[in-house]
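Residue numbers (my numbering): 426 to 871.
Accompanying notes for the structure given below.
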């Protein structure tokens, strides 16, 4: 068995703290041609099962968390537990698919079985069908979630999962282990002080309440889902002209969207009003095939008070760069490493206590996942689009996931149903902002 890490335990505790949320993340693949029959689907899923042992494992917890939760083989594993089939009502267009995705996002995965599920969606207009893949955040992060999708696809699936830990140690391993133990009284305080110093701005942003906004508040049970699209070659033009990154352009477009949303709601955007959590991958290139969580995060303020698009983009670029230069991501990883030395019950208790205090500091979350640049297919049928979908939690009434696939950047927006009836404002404003920035990059007056 492999024990869950502190972050994975935190995701379980966060989900347990609020009956209105599900912490599964997912991707929607839109595929050309007819939907597969059961035999075809079984062949594709068998590829993933061969590559990833985690797909057959469930989470086992002990009473009172005497020992840490761990992954164990599901003795009653059956593929039927993880497959659902449905069909869209007429006319079977994007609005109907988005409504189905919103419904899927709300449903919790069954913890008695491995924490993933596939939904096959038929009757999508234009001779297409869709496959919704969802897995719990204890099992995957954004990058490993895409790896899971790729393992079902045609062609090479990559190496099998190497995430299991050996039960034995070499002689040098034992000496290194004891050396590390003996140095703990010195190294732990030094690492902790250094990490806290680097994380002080993050902790301040995550704890101190920001200006009151309609973007932060209690969540209901239902969700809404929307999609925005941008062409990567056009985003690259903006990056070259302004000296910024693709992530900067995406975050600046999101800032413009929230500015527009608040203005339409009659709220005046002010400095410091909207703080955003930006997850950052800490996954090494060689660890792409492992299904687990390897993420950190930084918290920054979106400049929604700035009206000029180019100025707003430049400010986003500088702020993100400053956060990275402070070493916040590395500091968080150091604290998570230290947390692994604590009893699982202590870690769970810390998260459990934290979730009892409603947070009023953060307004949204925006995560950017680099997806496949090559064309993917299933059974010879091309995957035309990939939509990312992530949950909302901790009073965040909207979240945004950004996923690249081939030459397209897709924004998947999840929102609380009751408090965000105007969700379509966000994708519309994102696409408009990128068009305006592109016009500036080409020297035209937008």
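All residues carry an ideal CB built from backbone N, CA and C; glycine is no exception.
Since the model is a prediction, treat every value here as computed from it, not as a measurement.
Environment of residue i [buried if 16+ CB atoms lie within 10 Å]
| i | result |
| --- | --- |
| residue 614 | Interpretation of residue 614 is limited by its pLDDT of 46, a score under 50 that renders its predicted location unreliable; no figure is taken from the coordinates. |
| residue 430 | buried |
| residue 876 | Nothing can be reported for residue 876, as the shown portion of the chain is limited to 426 through 871. |
| residue 665 | exposed |
| residue 624 | Model confidence at residue 624 stands at a pLDDT of 44, short of 50, so the residue's coordinates are unreliable; what they give is reported in the following sentence. The residue is buried, with at least 16 neighbouring Cβ atoms inside 10 Å. |
| residue 629 | Confidence in residue 629 is poor, its pLDDT being 45 and thus under 50, which makes the residue's placement unreliable; the coordinate value appears in the next sentence. So residue 629 ends up on the exposed side. |
| residue 782 | exposed |
| residue 484 | buried |
| residue 854 | buried |
Unbroken beta strand (DSSP E) run spanning residue i, endpoints
| i | result |
| --- | --- |
| residue 451 | 449 to 457 |
| residue 548 | 541 to 549 |
| residue 790 | 789 to 794 |
| residue 866 | Counting along the chain, residue 866 falls outside any beta strand (DSSP E), though it belongs to the alpha helix (DSSP H) covering 850 to 866. |
| residue 827 | 823 to 830 |
| residue 508 | 508 to 512 |
| residue 834 | 833 to 841 |
| residue 559 | 553 to 561 |
| residue 498 | 495 to 498 |
As assigned by DSSP and simplified to three states, the class of residue i
| i | result |
| --- | --- |
| residue 814 | strand |
| residue 535 | coil |
| residue 699 | coil |
| residue 786 | coil |
| residue 441 | helix |
| residue 754 | With a pLDDT of 49 at residue 754, under the threshold of 50, the predicted position of this residue should be treated as unreliable, though the coordinate-derived value follows. If DSSP states are grouped into helix, strand and coil, residue 754 belongs with the helices. |
| residue 705 | strand |
| residue 820 | coil |
| residue 460 | coil |
| residue 487 | coil |
| residue 798 | coil |
| residue 779 | helix |
| residue 803 | strand |
| residue 925 | Any property of residue 925 remains undetermined from this structure, which presents the chain solely from 426 to 871. |
| residue 726 | strand |
| residue 472 | helix |
Short Cβ contact (8 Å threshold) for residue i with residue j
| i | j | result |
| --- | --- | --- |
| residue 736 | residue 700 | no |
| residue 564 | residue 716 | yes |
| residue 839 | residue 850 | no |
| residue 566 | residue 539 | no |
| residue 683 | residue 523 | no |
| residue 738 | residue 673 | yes |
| residue 561 | residue 534 | yes |
| residue 412 | residue 517 | Outside the displayed range of the chain (426 to 871) lies residue 412, so it cannot be described from this structure. |
| residue 780 | residue 698 | no |
| residue 496 | residue 482 | yes |
Endpoints, alpha helix (DSSP H) assigned at residue i
| i | result |
| --- | --- |
| residue 674 | 671 to 689 |
| residue 661 | 657 to 667 |
| residue 519 | 519 to 531 |
| residue 743 | 734 to 750 |
| residue 875 | This structure does not reach residue 875, given that the chain is present from 426 up to 871, and the question cannot be answered. |
Touch test, the segment 655 to 663 against the segment 806 to 814, Cβ-Cβ under 8 Å, three pairs minimum: no
Cβ contact (3+ pairs, closer than 8 Å) linking the segment 444 to 463 and the segment 525 to 533: yes
Segment contact, 8 Å Cβ cut-off, at least three pairs: the segment 539 to 558 with the segment 507 to 518: yes
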